[in-house]
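Enquirer: Got a structure for you, questions after.
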Amino acid sequence: MADPLLALDGVHTHLGRYHILQGVDLRVPEGQVTMLLGRNGVGKSTTLRTIMGLWRASQGQVRFDGLAITARPTPDIARLGIAYVPEDMGIFGNLSVRENMVLAARSGELDDGRLRWVFGLFPALQQFWLKTSGTLSGGQKQMLAIARAIIEPRRLIVVDEPSKGLAPAIVDHLAEAFRELKTARTTLLVVEQNLGLAKAIGDTVAVMADGRVIHTGSMADLAADERLQTRLLGLSLESHT
Amino acid sequence: MNERRRILLRRLSDSAGYWIVPAVMLAGLALMPGTPWVTLTVAGVAMGVIVFMAAAGMSLVFGLMDVLNFAHGAFITFGAFVAASVFAALGAWARADALPLNLAVVAAALVAASIVAGAVGWFCERVIIRPVYRAHLKQILVTIGALIVAEQIVPVIWGGVPVAVPRPETLKGAFLLGDVAIEKYRVLCIAVGLVIYAAMYAALARTRIGMVIRAGVANREMVQAMGYRIDALFVGLFVAGSALAGFGGVMWAAYNELITASIGNQMMILVFIVIIIGGLGSIPGTFTGALLVGLTTNYVGYLLPKLALGSTLLLMVLVLLWKPRGLFPASGG
Numbered sequence: 001m002a003d004p005l006l007a008l009d010g011v012h013t014h015l016g017r018y019h020i021l022q023g024v025d026l027r028v029p030e031g032q033v034t035m036l037l038g039r040n041g042v043g044k045s046t047t048l049r050t051i052m053g054l055w056r057a058s059q060g061q062v063r064f065d066g067l068a069i070t071a072r073p074t075p076d077i078a079r080l081g082i083a084y085v086p087e088d089m090g091i092f093g094n095l096s097v098r099e100n101m102v103l104a105a106r107s108g109e110l111d112d113g114r115l116r117w118v119f120g121l122f123p124a125l126q127q128f129w130l131k132t133s134g135t136l137s138g139g140q141k142q143m144l145a146i147a148r149a150i151i152e153p154r155r156l157i158v159v160d161e162p163s164k165g166l167a168p169a170i171v172d173h174l175a176e177a178f179r180e181l182k183t184a185r186t187t188l189l190v191v192e193q194n195l196g197l198a199k200a201i202g203d204t205v206a207v208m209a210d211g212r213v214i215h216t217g218s219m220a221d222l223a224a225d226e227r228l229q230t231r232l233l234g235l236s237l238e239s240h241t
Numbered sequence: 242m243n244e245r246r247r248i249l250l251r252r253l254s255d256s257a258g259y260w261i262v263p264a265v266m267l268a269g270l271a272l273m274p275g276t277p278w279v280t281l282t283v284a285g286v287a288m289g290v291i292v293f294m295a296a297a298g299m300s301l302v303f304g305l306m307d308v309l310n311f312a313h314g315a316f317i318t319f320g321a322f323v324a325a326s327v328f329a330a331l332g333a334w335a336r337a338d339a340l341p342l343n344l345a346v347v348a349a350a351l352v353a354a355s356i357v358a359g360a361v362g363w364f365c366e367r368v369i370i371r372p373v374y375r376a377h378l379k380q381i382l383v384t385i386g387a388l389i390v391a392e393q394i395v396p397v398i399w400g401g402v403p404v405a406v407p408r409p410e411t412l413k414g415a416f417l418l419g420d421v422a423i424e425k426y427r428v429l430c431i432a433v434g435l436v437i438y439a440a441m442y443a444a445l446a447r448t449r450i451g452m453v454i455r456a457g458v459a460n461r462e463m464v465q466a467m468g469y470r471i472d473a474l475f476v477g478l479f480v481a482g483s484a485l486a487g488f489g490g491v492m493w494a495a496y497n498e499l500i501t502a503s504i505g506n507q508m509m510i511l512v513f514i515v516i517i518i519g520g521l522g523s524i525p526g527t528f529t530g531a532l533l534v535g536l537t538t539n540y541v542g543y544l545l546p547k548l549a550l551g552s553t554l555l556l557m558v559l560v561l562l563w564k565p566r567g568l569f570p571a572s573g574g
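The listed protein sequences correspond, in order, to chains A and B.
For the first sequence, position 61 matches number 61 in the numbering used here, and the numbering has no gaps at all.
For the second sequence, position 26 matches number 267 in the numbering used here, and the numbering has no gaps at all.
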């Protein structure tokens with residue numbers, strides 16, 4: 001098996017006196033969509049924040065393409081080609097949609113071809129291009145957050161609960177966008193509570209409980225095994241479709 | 242009908258930052274028409290732009306890095322006393338009845354004060370602020386301590402008595418505009434302040450660094466997650482903000498013509514009020530807040546002298562009751 005693009009080995013993260021991650025082992029294969037699932041409060045978002053260096057691992061190692069990034073500052077991690085879409089979307093509400101996108105294009109100017117492709121995925125962004133992003137709807141903000149992450153080719157895109165709080169129609173639209181990213185062999189690590197979306201886009205899956213990864217495998221296998229879903233997640237895909 | 246009225250009121254409230262200063266000016270015109278209004282408005286705007294210069298850097302530093310820097314007053318103080326030294330050293334130019342020479346004195350004072358205040362700011366960031374990032378209580382304690390130390394250093398260098406900062410010759414007195422006498426120095430303050438505001442606004446709105454700063458004010462963490470080294474940017478911003486406070490110190494010193502070591506400390510009250518009214522981290526907000534403070538102080542001082550001292554605090558309370566995040570909140574989206 002090829003080396004994973006991203007690997008976490010025995011990662012522990014403390015927030016003050018709380019021991020959130022308690023030895024996370026995770027592999028994210030290149031060119032695939034890895035879903036990180038689990039009940040609320042098991043450490044999924046903390047795992048993503050630890051990968052990005054926003055919270056420091058107190059123990060263990062995070063490697064990206066074989067390079068140890070555990071102790072690197074967040075900007076240096078991002079410059080390796082990792083884009084992050086946080087749970088709250090991280091939109092700069094006082095900037096226009098255009099300015100949000102320009103900032104996301106680290107290399108400088110926006111590439112016209114890439115921008116057209118992004119507009120094809122999210123037409124609303126073209127419509128509101130000069131509008132202050134703080135005035136967008138929740139779904140439009142999520143589109144902008146993901147558009148920022150893909151405005152340049154990235155080696156890995158880390159997304160935290162993209163469907164949270166969004167209307168089903170918007171979630172379907174996001175799923176389409178993720179599928180298109182998949183066809184471009186973009187590597188994604190996605191935290192998601194919506195099992196329907198996870199099933200629609202995921203190749204591999206890791207399930208967390210109590211600050212650890214307790215199950216890894218293919219998303220298709222988990223989707224096909226209702227008893228496993230109930231045991232790991234307390235829910236089944238059937239109830240989400 | 243009610244719905245339309247509600248929408249209209251909401252829009253009016255949302256756009257308050259844009260119309261509140263003209264509204265206050267119009268209210269002033271209604272209450273004291275004629276000469277007093279013109280004189281007080283010029284004085285209020287001049288005071289406002291000086292306070293803006295003193296407050297702008299602190300607003301960005303607070304908005305971008307969540308740093309409460311009470312030592313900011315020290316940069317104003319050093320700016321004021323450096324101006325006193327420059328004015329004294331270039332006394333012959335200052336006393337000459339020639340506008341170019343007089344303006345050269347002011348320009349020299351502004352350059353010298355910004356260099357000194359910027360250097361003091363750099364030292365302050367490295368030695369005092371950096372060890373206490375993300376610890377508000379410690380920031381308050383150590384920066385108040387730094388302000389006290391700075392206030393004690395000033396008498397050591399410039400002596401313990403108030404220092405006179407006489408305005409250059411051609412900037413003394415007033416010129417007549419119809420029946421209205423307008424102080425020349427106040428016009429200079431307004432011109433310098435407007436140029437600085439326009440330059441800052443353009444830099445923040447049109448340059449990439451400006452965009453990063455505005456984004457950082459809204460969501461510092463996300464800017465870092467996009468690959469921008471905001472800590473390095475912060476040092477530059479801190480030094481620039483300190484230098485700008487030095488600018489404010491120069492203009493304020495010649496505005497008052499007599500300065501003491503507590504000039505910065507005294508101005509910090511106005512600076513905080515302006516930053517809070519305007520919305521943390523917003524340059525248009527700081528500018529609007531500063532104009533409001535300047536106009537209110539002058540209008541109330543004329544109409545209700547007994548209320549003058551408390552007028553700015555009252556203004557802050559009223560604005561916060563109406564708009565708790567200030568007139569131009571830096572939205573996090």
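Just so you know, even glycine gets a beta-carbon here, dropped at the ideal spot from N, CA and C.
In this text the structure is predicted, and so the values were computed from the model without any measurement.
Is Phe128(A) helix, strand or coil when you go by DSSP?
Expert: It is coil, neither helix nor strand.
Enquirer: Taking only beta-carbon atoms, is Ala376(B) less than 7 Å away from chain A?
Expert: No - not a single Cβ of chain A is within 7 Å of the one on Ala376(B).
Enquirer: Considering Cα atoms alone, identify which of Leu121(A), Ser218(A), Met208(A) and Leu21(A) is closest to Leu233(A).
Expert: Measuring from the Cα of Leu233(A), the nearest candidate turns out to be Met208(A).
Enquirer: Kindly indicate which residue of Gly134(A), Ile77(A) and Phe178(A) has the alpha-carbon position closest to the one of Gly120(A).
Expert: Checking every option, the nearest Cα to that of Gly120(A) belongs to Phe178(A).
Enquirer: Since Leu351(B) and Val491(B) should fall inside the 8 Å C-beta cutoff, what is the C-beta to C-beta distance between them, to a whole number of angstroms?
Expert: At roughly 5 Å, the Cβ-Cβ gap stays under 8 Å, so Leu351(B) and Val491(B) are in contact.
Enquirer: By the 9 Å beta-carbon criterion, what residues does the stretch 97-120 of chain A contribute toward chain B?
Expert: The stretch 97-120 of chain A vs chain B, Cβ under 9 Å: Glu99, Asn100, Val102, Leu103, Ala104, Arg106 and Gly108.
Enquirer: Could you list which residues in chain A have their beta carbon closer than 9 Å to that of Asn310(B), in chain order?
Expert: In chain order: nothing, as chain A lies at least about 22 Å away.
Enquirer: Alpha carbons only, please: which of Val515(B), Ile514(B), Ala486(B) and Ile516(B) is nearest the one belonging to Ile504(B)?
Expert: Ranking the options by Cα distance to Ile504(B), first place goes to Ala486(B).
Enquirer: Judging by CA-CA distance, which residue of Ile214(A), Met52(A), Val205(A) and Gly134(A) is the nearest neighbour of Ile91(A)?
Expert: When each option's Cα is compared against that of Ile91(A), the closest is Gly134(A).
Enquirer: Check whether the Cβ of His14(A) lies closer than 7 Å to any Cβ atom in chain B.
Expert: Not closer than 7 Å to any Cβ of chain B, the Cβ of His14(A) fails to qualify, so no.
Enquirer: What runs of the beta strand (DSSP E), each 3 residues or longer, lie entirely inside the stretch 411-450 of chain B?
Expert: The qualifying runs are 415-418 and 421-424.
Enquirer: Within 7 Å of any Cβ in chain B, is that where the Cβ of Thr135(A) sits?
Expert: Judged by the 7 Å Cβ criterion, Thr135(A) is not in contact with chain B.
Enquirer: Give me the DSSP bridge partner(s) of Tyr469(B).
Expert: For Tyr469(B), which the question treats as bridged, DSSP gives no partner whatsoever.
Enquirer: For a minimum of 4 consecutive residues, which ranges assigned as the alpha helix (DSSP H) are wholly contained in the stretch 51-80 of chain A?
Expert: The qualifying runs are 74-79.
Enquirer: Return the bridge partner residues of Gly38(A) from the DSSP annotation.
Expert: DSSP lists Met208(A) as partners of Gly38(A).
Enquirer: Would you give the residue range spanned by the alpha helix (DSSP H) that Gly285(B) belongs to?
Expert: Start and end: Thr276 to Met306.
Enquirer: Taking Cβ positions, are Gln22(A) and Gly211(A) nearer each other than 7 Å?
Expert: The answer is yes: Cβ separation under 7 Å.
Enquirer: If I'm right that Val283(B) touches Val534(B) with Cβ under 8 Å, what's the distance once you round it to whole angstroms?
Expert: Actually they do not touch by this definition, with Cβ atoms about 15 Å apart.
Enquirer: Just how far apart, CA to CA, sit Ile234(B) and Leu309(B)?
Expert: Residue 234(B) lies beyond the range of chain B shown here (242 to 574); nothing can be said about it.
Enquirer: Which residues does DSSP pair with Val24(A) in a beta bridge?
Expert: Val24(A) is bridged to Val11(A).
Enquirer: Among Met441(B), Ala444(B), Ala446(B) and Thr411(B), which has the Cα closest to the Cα of Leu429(B)?
Expert: Among Met441(B), Ala444(B), Ala446(B) and Thr411(B), the Cα nearest to that of Leu429(B) belongs to Thr411(B).
Enquirer: Against Ala297(B), what residues of chain A qualify as contacts under a CB-to-CB distance less than 7 Å, listed in chain order?
Expert: Those do not exist, as Ala297(B) stays about 16 Å from chain A at its closest Cβ, beyond 7 Å.
Enquirer: So, are the CB atoms of Gln59(A) and His19(A) less than 7 Å apart?
Expert: Cβ atoms of Gln59(A) and His19(A): not closer than 7 Å.
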